[in-house]
Amino acid sequence: MSNKSLSADAVSCFEDSQVNAPVGRRGHWSSRLMFILAATGSAVGLGNIWKFPYITGENGGGAFVLLYLGCIALIGIPLLMAEILIGRRGKHSPPDSMKALAQEAGVSSRWKLLGWAGVITGFVLLSFYLVVAGWAVSYIFTAGSGAFNDASSDDIGGMFGALVGDPVASTVWGTVVLAITATIIIKGIRQGLERAVSIMMPGLFVILLILVGYSVSTGYFGRGVEFMFNPDFSKLTGTSVLVALGHAFFSLSLAGGGMMTYGSYLSKDVSLGKTVMTVGLLDTVVALIAGLAIFPIVFSNGLEPGAGPGLIFVTLPLAFGQMPFGQIVGVLFFVMLSFAALTSAISLLEPAVSWLTEKRGMTRFKAGVLTSVGIWVLSLGSVFSFNIWQNYTLFGKTFFDTLDYLTSGWIMPLSGLAMAVFTGWIMTRSATYEEVGDGWGYRIWRFLIRYIVPVAILAIFFHAIGVLD
Ligand code: TRP
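Add 52 to a position in the sequence shown, counting from 1, and you land on the number used in my numbering.
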């Protein structure tokens with residue numbers, strides 16, 4: 053892209069950050085569809101394709117899927133609405149959007165800490181997200197090389213072990229992911245983010261459909277459907293609810309600053325209700341279809357659905373090595389996983405970049421490079437958690453697990469609670485109504501966000517820390 057438009061973009065972000073500057077000049081999505089693609093790109097990620105199938109496998113299938121759908125509908129989507137609403141009304145990076153809305157509501161500007169929590173969560177999440185994303189990208193090449201063909205399960209386990217156990221390889225692949233992410237971010241909203249999502253998201257959907265078609269052809273599709281949709285409640289464990297809620301947060305990209313920032317680039321004339329529902333629905337449908345693509349392949353090869361985090365990197369490659377056209381299917385699968393991860397990574401970096409351009413007057417180039425360097429350094433800790441630092445633990449958790457636990461276990465649920473309280477109880481009814489619109493939908497949303505969401509999060513949270521049993 054030309055430097056001219058790059059600097060124009062930076063300038064428009066900067067100008068708008070001045071107090072009371074007109075909002076029209078800030079970075080903006082060129083259409084509602086672009087917002088939907090970008091927000092769906094954020095939501096659909098490793099969470100849908102890597103984590104959802106394996107936690108469904110670990111928690112016994114159908115009953116867990118139901119629990120998850122309940123969390124998405126009653127807690128996730130209302131919160132997604134809250135987060136995007138804050139961004140759109142605040143029209144700034146997360147801390148300043150929160151500050152503006154707190155001032156509007158006549159409460160303490162300290163609410164901007166909630167915006168900070170988002171920016172920081174996004175930053176920390178990206179530092180370990182990119183490690184797994186790096187494995188996904190590297191597996192495009194492993195699959196393409198034919199290394200899985202007729203390999204034994206020991207061979208394939210060994211390949212994954214070698215990648216994860218090699219600090220240099222993991223660092224290199226993580227750096228590749230970060231470099232691509234930063235390049236897209238630096239190019240700005242229209243030339244970078246919109247272009248990336250308009251190539252990768254349709255690509256992802258097409259590949260997903262091809263893979264489901266393949267799964268149907270294995271003859272085990274029915275087994276997959278039954279596993280995912282035939283609930284057996286005896287298979288749920290005490291922690292299943294927690295896992296389902298935590299994953300609903302993660303999958304919808306809640307409380308990581310990204311959705312708030314994307315909301316801030318959304319114009320006023322878009323109906324939030326329908327837009328948010330579309331994003332939530334697409335995220336859920338992709339997770340379900342990913343399961344329907346993966347489980348039949350697992351069953352048709354006589355493998356275990358409950359293999360844990362290795363489901364995608366060990367179990368599935370084993371199947372790719374056995375089946376007809378497995379080399380092609382394998383490459384397609386990991387390209388899809390990489391697209392999903394990259395469009396999410398962008399949304400994890402954008403909040404910090406938007407804050408630096410807005411408040412520090414940096415160009416997107418400078419902000420992108422600076423944040424990337426910080427994330428890169430932090431990511432080394434996560435890479436090393438799987439090899440040279442694997443024995444250094446804090447309360448039995450490695451560095452990677454600790455970051456995951458602090459963000460997904462604490463900061464995200466608490467931020468979710470705070471967002472529910474803020475939009476449900478602190479912002480005025482007329483302010484939120486103006487954003488959400490749509491009579492019935494608004495009433496349902498307001499009821500859920502005021503009562504159901506806070507109570508559910510608190511109950512689950514106290515259960516998690518052992519106060520409620
Ligand atoms: N939702 C993405 C996934 O499922 C991950 C993600 C992107 C995210 N942005 C986020 C998670 C913000 C939490 C918060 O892989």
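By construction, the Cβ of each residue, glycine as well, lies at the ideal position given by its N, Cα and C atoms.
Exposure of residue i, with buried meaning 16 or more beta-carbon neighbours within 10 Å
i    : result
F514 : exposed
W187 : buried
K164 : buried
F391 : buried
L446 : exposed
W462 : exposed
R140 : buried
P254 : exposed
N111 : buried
I496 : exposed
D456 : buried
G265 : exposed
F285 : exposed
Y106 : buried
Y503 : exposed
T484 : buried
E356 : exposed
K492 : Going by the sequence as given, residue 492 is Trp instead of Lys. Result: exposed.
P506 : buried
T289 : exposed
G448 : exposed
A62  : Bear in mind that the predicted position of A62 carries a pLDDT of just 43, short of 50, making it too unreliable to give a figure here.
S83  : exposed
A300 : buried
F180 : buried
S261 : Looking at the sequence provided, one finds Leu at residue 261 rather than Ser. When all chains shown are included, L261 counts as exposed.
S149 : buried
F436 : buried
T235 : exposed
Y317 : buried
Close beta carbons around residue i, own chain, < 6 Å, minus the five adjacent residues each side
i    : result
F438 : V216
S396 : S94 and G97
Y120 : A296
T92  : V331 and L334
Y191 : F386
T233 : A397, I398 and L401
S406 : S145 and T313
A371 : I349 and N353
F351 : Y272 and R275
G315 : I136, G139 and R140
I346 : P105
Distance cut-off 7 Å: residue i Cβ against heavy atoms of the ligand TRP
i    : result
S94  : yes
F302 : yes
T270 : no
V399 : The question names Val, but residue 399 is Ser in the sequence shown. Correct: S399 has its Cβ closer than 7 Å to the ligand TRP.
S305 : yes
L98  : yes
S267 : no
T336 : no
T313 : no
L177 : yes
T108 : no
T445 : no
S204 : no
S390 : no
G79  : no
G308 : yes
T423 : no
G373 : no
Beta-carbon separation (whole angstroms), residue i vs residue j, contact threshold 8 Å
i    : j    : result
I127 : A511 : Going by Cβ atoms, the distance from I127 to A511 rounds to 11 Å, so no, they are not a contact pair.
F452 : S434 : 4 Å
E487 : L324 : 6 Å
G113 : K287 : 7 Å
Cutoff 7 Å; reference residue i; Cβ partners in own chain excluding five residues on either side
i    : result
F302 : G99 and S460
G76  : Any reading at G76 must be qualified, since the residue scores a pLDDT of 39, below 50, and its modelled position is unreliable; the value itself is stated next. Answer for G76: no residue qualifies.
P74  : In this prediction, P74 has a pLDDT of 37, which is less than 50 and means its spatial position is unreliable; what the coordinates show is noted afterwards. Closer than 7 Å at Cβ, skipping near neighbours: no residue.
I501 : P130, A134, A472, T475 and G476
S292 : N111, F116 and L119
Sequence-distant residues of its chain with Cβ nearer than 8 Å to residue i (five each side left out)
i    : result
L294 : I512, H515 and A516
I129 : L304, V328, M329 and G332
I208 : F200, V366, P369, L370 and G373
G196 : Q379, G382 and V383
L344 : V264, S267, F273, G276, V277 and M280
| message | Going residue by residue through the region 257 to 309, where are the continuous alpha helix (DSSP H) segments of at least 4 residues, counting only ones entirely within it? | response | Entirely contained in the region 257 to 309, the alpha helix (DSSP H) runs reaching 4 residues are, in chain order, 273 to 281 and 292 to 303.
| task | Can you check the region 344 to 426 for any alpha helix (DSSP H) of at least 4 residues that lies completely inside it and give the ranges in chain order? | result | Along the region 344 to 426, the alpha helix (DSSP H) occurs as fully enclosed runs of 4 or more residues at 368 to 374 and 378 to 411, listed in sequence order.
| request: Note down, one range per segment and in chain order, each alpha helix (DSSP H) of at least 4 residues found wholly within the region 459 to 497. | output: Under the rule that a run must span 4 or more residues, the alpha helix (DSSP H) segments found entirely inside the region 459 to 497 read 464 to 473 and 481 to 488.
| request: Just list the alpha helix (DSSP H) runs in the region 84 to 134, keeping only unbroken ones of 4 residues or longer that don't cross its boundaries, in chain order. | output: Along the length of the region 84 to 134, whole alpha helix (DSSP H) runs at least 4 residues long occupy 84 to 95, 104 to 110 and 114 to 123, reported in chain order.
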